[in-house]
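Counting along the sequence shown from 1, when you hit position 50 you're at 50 in UniProt numbering, and nothing is skipped either side. We treat Cβ as the ideally placed atom computed from N, Cα and C, and that holds for glycine. Note that the structure is predicted; figures quoted are calculated from it, not measured.
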Amino acid sequence: MDVPARLRYSANHEWVDDNVEQASVGITAFAASALGDVVYVELPDPGAHLVAGEVCGEVESTKSVAELYMPVTGRILATNEAVVADPSLIGSDPYGDGWLFRLRVTDPPALMTADEYRTYLTESH
């Protein structure tokens with residue numbers, strides 16, 4: 001399973017990069033694989049200030065609908081309009097073009113490292 005070392009991970013299978021001023025957020029390859037073919041994505045509005053753990057959107061696939069949770073607290077700066085137009089990017093490139101939104105982190109994240117996330121996947125799934 002692809003788990004880039006440069007990212008941090010939540011128990012809800014979201015990833016965040018280390019750029020506090022403009023962090024990118026997406027869902028992991030594990031989550032994208034579990035969802036299957038993504039057909040719709042709803043993302044938070046730019047300008048919204050959201051708290052870690054809050055529902056911030058949803059991803060709908062041919063298999064199910066999954067809620068997106070904020071992995072960190074922060075203000076939404078931008079959403080990935082390419083993903084809204086073509087949700088399949090989430091599955092084809094979850095750590096690249098499939099990013100979901102960018103935010104300014106206001107509360108530094110307490111997230112898992114890549115090694116911790118791999119262990120989490122092994123122990124919980």
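Pop quiz: residue i and residue j are said to be a contact at Cβ under 8 angstroms. What is the actual Cβ separation, rounded to whole angstroms?
i, j, result
"residue 42", "residue 58", "5 angstroms"
"residue 1", "residue 100", "Contact doesn't hold; Cβ gap of about 19 angstroms is too wide."
Give me, in chain order, the residues of the same chain whose beta-carbon lies closer than 7 angstroms to that of residue i; leave out the 5 immediate sequence neighbours on both sides.
i, result
"residue 4", "95 and 114"
"residue 77", "22, 46, 102, 103 and 104"
"residue 67", "55 and 58"
"residue 30", "1, 13 and 121"
"residue 87", "38, 39, 40 and 41"
Cβ of residue i within 8 angstroms of Cβ of residue j?
i, j, result
"residue 51", "residue 79", "no"
"residue 25", "residue 111", "no"
"residue 39", "residue 62", "yes"
"residue 71", "residue 108", "no"
Taking the C-alpha atoms as reference points, what is the distance between residue i and residue j?
i, j, result
"residue 92", "residue 98", "7 angstroms"
"residue 32", "residue 20", "24 angstroms"
"residue 65", "residue 44", "16 angstroms"
"residue 75", "residue 14", "17 angstroms"
"residue 36", "residue 17", "24 angstroms"
"residue 119", "residue 125", "10 angstroms"
"residue 60", "residue 11", "19 angstroms"
"residue 81", "residue 48", "16 angstroms"
"residue 90", "residue 7", "16 angstroms"
Which same chain residues, not among the five before or five after residue i, have their C-beta less than 8 angstroms away from its C-beta?
i, result
"residue 117", "3, 9 and 28"
"residue 106", "49, 73, 74 and 75"
Only counting the same chain, and skipping five residues up and downstream in sequence, which positions put a Cβ closer than 6 angstroms to that of residue i?
i, result
"residue 34", "none"
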